[in-house]
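What follows is a set of notes on a single structure, which appears directly below.
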């Protein structure tokens with residue numbers, strides 16, 4: 005149970021980072037498409 009909890013704590017920052025990275029990529033794609 006403690007190991008599962010540790011995995012959740014490690015996964016949470018990665019999940020948040022993935023969301024932020026996805027937002028930035030989405031904005032870059034919109035700018036790229038909007039220019040052409």
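Residue numbers (this note's numbering): 5 to 40. Even glycine gets a Cβ: it sits at the ideal position worked out from N, Cα and C.
Problem set entry | Between the CA atoms of residue 6 and residue 35 - distance to the nearest angstrom | Their Cα atoms are separated by approximately 44 Å.
For this session: Measure the C-alpha to C-alpha separation of residue 22 and residue 9 and round it to an integer number of angstroms.
Result: Their Cα atoms are separated by approximately 20 Å.
Problem set entry | Span separating the alpha-carbon of residue 32 from that of residue 24 | One C-alpha to the other measures close to 12 Å.
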